[in-house]
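**Q**
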Amino acid sequence: MHGWPEDRFYKCGDFFSCERLPPISTAEDMKNPRLVVIAGPLEGTTLTLSNEELTIGRDTTNHLCLSDPQVSRRHCIIFRAAEGYRLKDCDSSNGTMVNDVPVRERILDHSDRIKIGDSRFIFLAQAADPAPPTLDSHLDDRSVVTGSTVTLRPEEGLYLKPEKVTAALPAFSRVARNLNTLLQISTAVNQCRHLPDLQQRLLELIFEAIPAQRGVLMLARELFNQPEPFVCYDRKTGSRQPFQVSRTVVERVRNEQVAILGNDLIESAPFRQAVSLTVQQICSLLAVPLTLDGQLLGVIYLDSAEAQTCFDQDHLQLLTAIAGIAAVAFDNVRRIEWLEEETRRLRAEINLNHDMIGESAPMQAIYQIISKVAPSDSTVLLRGESGTGKEMAARAIHQLSARADKPFIAINCAGLSDTLLESDLFGHEKGAFTGAVAQKKGKFEVADGGTVFLDEMGELPLPLQAKLLRVLQQREFERVGGTRQIKVDIRLIAATNRDLETAIKDGGFRADLYYRLNVVSLTLPPLRERRDDIPLLSHYFAAKYSQRCKRAIKGLTPEARTLLVNYDWPGNVRELENAIERAVVLGSTDFIQAEDLPDVLLETATPTSLPAAKYHAASREAKKQVVLQALEESDGNFTQAARLLGIHPNNLHRVVRNLDLKAQLKK
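If you read the sequence shown in numbering that gives the first Met the number 0, its first letter stands for residue 0, the second for the next number, and so on.
(1) Along the chain, where does the alpha helix (DSSP H) that runs through K466 open and close?
(2) What is the DSSP secondary structure of T290, reduced to helix, strand or coil?
(3) Counting along the chain, where does the beta strand (DSSP E) carrying Y232 start and finish?
(4) Just checking my contact of L181 with A320 at CB under 8 Å: how many whole Å lie between their CB atoms?
(5) Answer yes or no: do S359 and D531 have a C-beta to C-beta separation smaller than 8 Å?
(6) State the beta-bridge partners of Y566 as determined by DSSP.
(7) Using 8 Å as the threshold, is the C-beta distance between F476 and I485 below it?
(8) What's the gap between the Cα of S400 and the Cα of V599?
(9) Using only the alpha-carbon positions, how far apart do D511 and N517 sit?
(10) Between the Cα of Q472 and the Cα atoms of F223, S377, M456, which residue gives the shortest distance?
(11) Is the beta carbon of T47 closer than 8 Å to that of R33?
(12) Which value, in whole angstroms, describes the spacing of the CA atoms of M355 and P525?
(13) Rounded C-beta distance between V379 and Y300? I'm assuming under 8 Å.
(14) Would you call the stretch 419-426 and the stretch 530-546 in contact, with 3 or more CB pairs under 8 Å?
(15) Please report how far the alpha carbon of A130 lies from the alpha carbon of A437, in whole angstroms.
(16) Going by DSSP, what residues sit across from M217 in a beta bridge?
(17) From what residue to what residue does the alpha helix (DSSP H) around E421 run?
(18) Going by DSSP, what residues sit across from M96 in a beta bridge?
(19) Do you know offhand how far S185's Cα is from A322's?
(20) For D139, I'd like the list of residues in its chain whose CB is within less than 8 Å of its CB, leaving aside the five on either flank, ordered along the chain.
(21) Between the stretch 379-399 and the stretch 446-457, can you find at least three pairs of beta-carbon atoms closer than 8 Å?
(22) Pull up the distance between the alpha-carbon of N701 and that of L601, whole angstroms please.
(23) Measure the Cβ-Cβ separation of R527 and W568 and say whether it is below 8 Å.
(24) According to DSSP, simplified to helix, strand and coil, what is F407?
(25) Rounded to whole angstroms, what's the CA-CA distance from L260 to E305? Just pull it up for me.
(26) Quick one: what's got a C-beta closer than 6 Å to A431's C-beta in the same chain, skipping five residues either side?
(27) From which residue to which residue does the alpha helix (DSSP H) around S537 run?
(28) Bridge partners of I579, per DSSP?
(29) For my contact list, N93 and G116 are in at a C-beta cut-off of 8 Å; report their separation, rounded to the angstrom.
(30) Using three-state DSSP, classify N254 as helix, strand or coil.
(31) Would you tell me roughly how many angstroms separate the C-alpha atoms of Q272 and S245, rounded to the nearest one?
(32) Just reading off the beta strand (DSSP E) that F242 is part of, what are its end residues?
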């Protein structure tokens with residue numbers, strides 16, 4: 000019998016958890032990588048990828064030639080890199096889409112969908128699974144409902160209701176009681192999705208079935224990611240503190256993977272050398288291994304120092320059966336927790352599960368900060384101009400956090416009156432005010448376990464700021480008209496386009512609340528500071544609204560793309576999205592033309608920014624002359640000039656500003 004090295008295990012009394020076992024595989028070998036054409040001129044073609052790069056484009060010199068006007072002469076390349084196969088867009092006119100998102104360069108994952116013009120591809124990095132045998136399946140129209148047919152609703156199922164099993168079986172049958180116990184335990188443990196819940200619930204059920212005084216559930220440290228791989232319980236004291244466990248017994252269970260029953264241990268020869276049993280006057284014990292497919296997951300250990308408590312073979316059989324059921328549940332929970340952690344890691348790395356589009360340096364910096372702050376529960380303050388995507392950033396933080404499967408509740412602090420906003424945030428009791436005909440839960444209460452996003456935080460009234468401060472400090476509040484404190488577990492993300500420091504000086508915002516909110520501050524860059532992302536965003540919005548409006552939009556003309564890139568976008572991404580939607584709705588060709596875009600883009604564009612756009616230059620010059628003539632006839636009176644032109648004075652001021660006519664008017 001070999002001992003367990005102390006430097007590799009956690010100690011519980013004189014127990015050490017099990018040795019390292021092989022980890023779950025986290026990667027698949029890349030086998031038979033290939034590109035399958037599922038739509039387009041070459042539909043049905045399969046291309047096997049090698050270590051040589053694969054060029055795709057309209058020109059016949061490419062390895063894959065696509066006869067499609069939407070495809071650039073040299074559109075993109077796919078090549079082998081150290082981390083796998085990488086796709087790179089070669090500054091194509093209409094962009095390359097991967098999983099419906101425009102990209103410049105990225106690593107391809109198994110089953111990624113690639114769109115180039117009218118062609119669709121699927122990238123397969125792994126060998127195909129063998130196809131299942133084909134069965135000639137059909138629906139049989141022959142009737143099987145006869146007078147002897149029995150129907151059963153789920154709520155009537157006997158074995159889904161353990162208490163019904165007890166009532167249906169003879170009271171004297173110990174086997175019947177054990178079967179009922181196993182059914183209860185199987186039902187309970189398979190509902191647990193987190194390791195601490197499973198450990199605690201299993202130990203509680205064992206103590207209901209077996210008259211043990213103390214018990215400990217020990218798990219292999221290297222298989223289960225937790226600081227304390229054991230749960231203890233003392234029935235007599237109710238204590239859950241660790242206690243001394245026989246190393247002799249546990250080592251034998253671990254090494255031989257056998258279940259052990261021991262009675263009269265003080266007089267028993269096999270256990271006389273177990274000092275811990277002698278010192279604690281242990282009279283009876285049970286110890287069984289948790290094994291699955293020959294792999295040891297842990298040990299269940301029960302003992303009693305009471306002389307009247309004597310375990311028998313029936314207890315041993317029952318605990319062995321419980322261990323068999325529990326081993327599967329523990330393995331499932333282990334794999335679920337590993338998958339959840341792996342999903343969070345992959346989301347943080349590749350940023351796939353949010354709607355933020357952009358590959359520019361400022362956005363890459365934003366993605367890095369989001370990936371670092373998301374796993375924590377720290378409060379985040381998002382700053383930036385209106386339309387920069389603060390809510391999308393908040394959703395990205397939520398989706399990459401451990402709260403991703405819990406609610407995300409967004410609240411606009413400027414959208415409601417003070418009374419309605421307070422009721423919306425904290426809820427109200429019946430009769431709290433006129434119209435409160437029933438109790439209502441607030442957004443904080445509904446978001447318990449999840450994330451609350453407070454947009455336009457700078458508009459929150461001062462009385463509500465004090466209440467919010469208490470929520471941040473204590474995570475508790477009272478409903479409007481209520482007296483009971485309600486505790487919630489929420490993460491708070493706030494957003495504002497105001498200068499809160501100036502608002503504090505002016506008395507419009509509480510300094511203590513500001514310091515509570517400003518734990519992690521993140522400023523979203525305006526669109527004019529990341530112009531490289533404008534083509535990507537434009538293609539994304541064009542694809543989105545062409546599908547929604549049922550119009551086949553193939554891309555943007557070079558003139559339209561130049562206009563979009565050179566415009567300053569005071570309304571940021573929101574304004575760009577509206578401009579593309581307008582162009583899709585009003586356009587009449589397969590490509591978005593410059594004239595499909597809002598007038599403000601044409602008015603602010605310089606002639607040099609419009610290649611081969613004589614029409615637009617002439618239109619701009621004609622508009623200048625018309626405006627100048629109207630102002631001259633009205634002696635510079637904007638109201639009279641606007642009346643002559645048939646437009647609103649505000650629009651006239653905008654046109655003068657966009658056409659840069661102020662200098663000419665001063666003359």
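A virtual CB, placed ideally from N, CA and C, is assigned to each residue, including glycine.
**A** Put simply:
(1) Run containing K466: 461-473, per the alpha helix (DSSP H) assignment.
(2) In the structure shown, T290 sits in a strand (DSSP, three-state: E or B).
(3) DSSP places Y232 in the uninterrupted beta strand (DSSP E) bounded by 229-233.
(4) Yes, L181 and A320 are in contact; Cβ-Cβ is about 6 Å, under 8 Å.
(5) Yes; because the gap between Cβ atoms is below 8 Å, this pair is in contact.
(6) According to DSSP, which records beta bridges pairwise, Y566 is partnered with nothing at all.
(7) Cβ distance < 8 Å, so F476 and I485 count as in contact.
(8) S400 and V599 have their C-alpha atoms roughly 41 Å apart.
(9) Rounded to whole angstroms, D511 to N517 spans 10 Å at the Cα level.
(10) The shortest Cα separation from Q472 among F223, S377, M456 belongs to S377.
(11) Taking 8 Å as the Cβ cut-off, R33 and T47 qualify as a contacting pair.
(12) Cα to Cα, the separation comes out at about 13 Å.
(13) With a contact defined as Cβ atoms closer than 8 Å, V379 and Y300 miss out at about 45 Å.
(14) The way I'd put it, the stretch 419-426 doesn't touch the stretch 530-546; fewer than three beta-carbon pairs between them come closer than 8 Å.
(15) Note that A130 scores 39 on pLDDT, short of 50, meaning its location in the model is unreliable; the coordinates nonetheless yield the value given after this. Going from the Cα of A130 to the Cα of A437 covers about 58 Å.
(16) M217 is bridged to F229, V298.
(17) It spans 417-425 - the alpha helix (DSSP H) in which E421 sits, taken as one unbroken run.
(18) Answer is P101, K114, bridged to M96.
(19) Those two C-alpha atoms are separated by around 10 Å.
(20) Here the model assigns D139 a pLDDT of 37, short of 50, so the residue's position is not dependable, and the following value carries that caveat. Hits under 8 Å: none found.
(21) At 8 Å Cβ cutoff, the stretches touch.
(22) Absent from the structure is residue 701, since the part of the chain shown begins at 0 and ends at 666.
(23) Yes.
(24) Strand.
(25) Straight-line Cα distance between these residues: approximately 16 Å.
(26) A distance below 6 Å between beta-carbons, with the five flanking residues on each side excluded, links A431 to the following residues of its chain, in chain order: V479, G480.
(27) Run containing S537: 533-547, per the alpha helix (DSSP H) assignment.
(28) Per DSSP, none; premise fails for I579.
(29) Their Cβ separation, rounded to whole angstroms, is 7 Å, which keeps N93 and G116 in contact under 8 Å.
(30) DSSP places N254 in the helix class (H, G or I) of the three-state scheme.
(31) Confidence in Q272 is poor, its pLDDT being 49 and thus under 50, which makes the residue's placement unreliable; the coordinate value appears in the next sentence. Approximately 10 Å, taken between the alpha carbons.
(32) That residue, F242, is in no beta strand (DSSP E); it is neither H nor E in DSSP.
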